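> Sequence positions in the sequence shown follow this note's numbering and run 100 to 394.
C-beta atoms are modelled at their ideal positions from N, C-alpha and C, and glycine is treated no differently.
Keep in mind it's a predicted model, so treat the numbers as computed, not measured.
Right, I'll just put the structure down here and ask away after.
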Amino acid sequence: MFFVLLLAGLGNALKAPQNLLDLYDTTRAKGRCSHELATGFYSTDGGSNNFAYCGDRLSTSGIIYLQGRHGTLANLDVDCDGTGTGSNGTASPSNDGRCRVDLSPDTQNTTTFRDTLAGYGHGLTDLNPYVHPYVVFGNARGTHNRRGWKAFDPTAHGMRPLSVMAVVCPNREMVYGIWGDTNGDDGDKPMVGEASLALVTACGGKNVTGGNGIDEDTTLFVGFVGEDAVPGANGANWSAQDFDTFEKSIQPLGNQLVERVRPDEEDASSSVRLGWSEVAFSIAVVLFSRTFLWS
C-alpha cells in the first residue's frame with residue numbers, strides 16, 4: 100500500500116523547459132490519448148485500467164508517453180530493483196537504507212538491461228536504485244503466461260535500452276532519467292508509473308522510500324525513440340556514486356532530446372474531437388491540481 104506524498108521542491112529536480120510544460124498541460128487538457136500503442140494498464144492497484152502508452156506524437160516529436168483518462172497521467176511509485184553496490188562491490192555511499200527489504204519486500208536483484216550495462220565495461224553488474232534515475236517503462240509478458248495479461252514493448256516502436264527519458268514531476272519540475280527496467284507479470288495487475296528511488300527522491304524528497312512514493316496520477320513519463328537517445332558506454336557517468344553526478348552527465352543529451360518535443364503538433368491520425376463535457380472535465384482537473392496542490 101502506497102501513501103500519498105504531496106511534496107514540492109524538496110528534491111533535486113530541474114526547471115522544466117516551456118515546451119515540456121506545454122506538453123504536460125496539453126496532454127492533461129485533452130483528457131485521453133487518441134493513438135494508444137497499448138492500453139489496459141493500472142497506475143494504482145485500486146484504480147482503473149485505462150492507462151495507455153500514447154503515440155500521439157510518435158511521428159512529429161519521436162516520443163512515447165503514459166496517459167490515463169480525464170486529465171490523468173501516471174503516479175510515481177518507487178522501484179528498488181538492481182544493486183545497492185558500486186563497481187568495487189562495496190555499498191554505495193548513497194545507500195541510506197530506504198530500499199531495505201522490509202520497506203520493499205518485492206524487490207528484484209536485477210533490472211531488465213543489466214547485460215547491456217555490463218557490456219559497457221565499467222565493472223557494473225546492474226543499475227543502482229540509489230544512484231541511477233531509471234524509469235520502469237514497458238510491460239513484459241514474462242513466463243507466467245497469464246491469459247489476457249496486457250503487455251507493451253517500447254523497442255517495437257523505436258525506443259532503445261538505457262536511453263534517456265524525461266520525467267515531469269507533479270510539482271512541474273523535471274528529472275532526466277534512463278530507461279532501465281520493465282514491469283513484469285508477477286503482480287496482480289499490469290502496472291505503470293514507477294521509477295528508481297533516486298528519481299522519485301529528486302521529485303519528492305527523501306521522505307519517499309521503497310514502501311511509499313507519490314500516488315497521485317500527475318507525473319509525465321516521456322520516452323524518446325531512436326539510437327540518438329542512447330548515451331552508450333561513454334555518454335554517461337555510469338560509475339557515479341550519487342544521483343547528482345550521474346544526472347548531470349546525461350543532461351546535455353537530455354536537453355537535445357527535449358528540444359524535439361513539439362506539444363502543439365500531434366500526428367495526423369491522433370486528432371480527435373472531444374465532447375464539450377469531456378473537455379470541461381479535463382480542464383477542471385488541470386486547473387484544480389495547479390491552483391490547489393501546488394500553490
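For the 8 Å Cβ check, are there 3 or more pairs between the segment 222–235 and the segment 337–345?
In short, these stretches touch, since the Cβ pair count reaches three.
> Using the Cα positions of Asp280 and Asp363, report the straight-line distance between them to the nearest angstrom.
Going by the C-alpha atoms only, they are around 30 Å apart.
> Which whole runs of the alpha helix (DSSP H) in the segment 290–318 are 4 residues long or more, in chain order?
Whole alpha helix (DSSP H) segments, 4+ residues: 296–303.
> So Pro269 and Thr317 are in contact, right, with Cβ under 8 Å, and what is the actual spacing, rounded?
Right, their Cβ atoms sit about 4 Å apart.
> Start and end of the beta strand (DSSP E) containing Gly241?
Where Gly241 is concerned, there is no enclosing beta strand (DSSP E), given that its DSSP letter is neither H nor E.
> With distance defined between alpha-carbon atoms, name the residue in Pro232, Ser262, Thr182 nearest to Met273.
Looking at the Cα atoms, Pro232 is the closest of the given residues.
> Using 7 Å as the threshold, is the C-beta distance between Gly310 and Leu202 below it?
Closer than 7 Å, so yes.
> Buried or exposed: which applies to Pro351, given that a residue is buried once 16 or more other Cβ atoms fall within 10 Å of its Cβ?
Exposed is the call here.
> Helix, strand or coil for Val177, going by three-state DSSP, please let me know.
Strand at Val177.
> Would you mind stating whether Asn238 and Pro204 have Cβ atoms separated by less than 7 Å?
No; because the gap between Cβ atoms is not below 7 Å, this pair is not in contact.
> How many Å lie between Ser195 and Ala297 at the Cα?
Note that residue 195 corresponds to Asp in the displayed sequence, not to Ser. One C-alpha to the other measures close to 11 Å.
> Can you tell which of Ile162, Tyr123, Lys129 has its C-alpha closest to the C-alpha of Lys258?
According to the sequence displayed, residue 258 carries Met and not Lys. Nearest option by C-alpha distance: Ile162.
> Tell me, to the nearest whole angstrom, how far the beta carbon of Gly130 is from that of His169; I am working on the premise that it is less than 8 Å.
Indeed, because the Cβ distance is near 6 Å, the residues count as touching under 8 Å.
> For Arg245, which residues of its own chain have a beta-carbon under 8 Å away from its beta-carbon, when the five flanking residues on both sides are left out?
Counting only Cβ-Cβ distances below 8 Å, and skipping sequence neighbours, we find Asp284.
> Within 10 angstroms of its Cβ, does Ala301 collect 16 or more other Cβ (buried), or is it exposed?
Burial call: buried.
> Are the beta-carbon atoms belonging to Leu165 and Val291 less than 7 Å from one another?
Yes.
> Over what stretch of residues does the beta strand (DSSP E) that includes Thr215 continue unbroken?
Unbroken run through Thr215 is the alpha helix (DSSP H), 213–217; no beta strand (DSSP E).
> Compare the C-alpha of Gln117 against each of Glu365, Arg359, Ala367 and name the closest.
Per the Cα distances, Arg359.
> What would DSSP say about Thr138, mapped onto helix, strand or coil?
Three-state result, Thr138: strand.
> Sorted by chain position, which residues of the same chain lie with C-beta nearer than 6 Å to Val324's C-beta, five sequence neighbours on each side aside?
Result list for Val324: Gly161, Gly257, Met258, in chain order.
> Looking at the structure shown, is Glu272 part of a helix, part of a strand, or coil, going by DSSP?
Strand, per DSSP.
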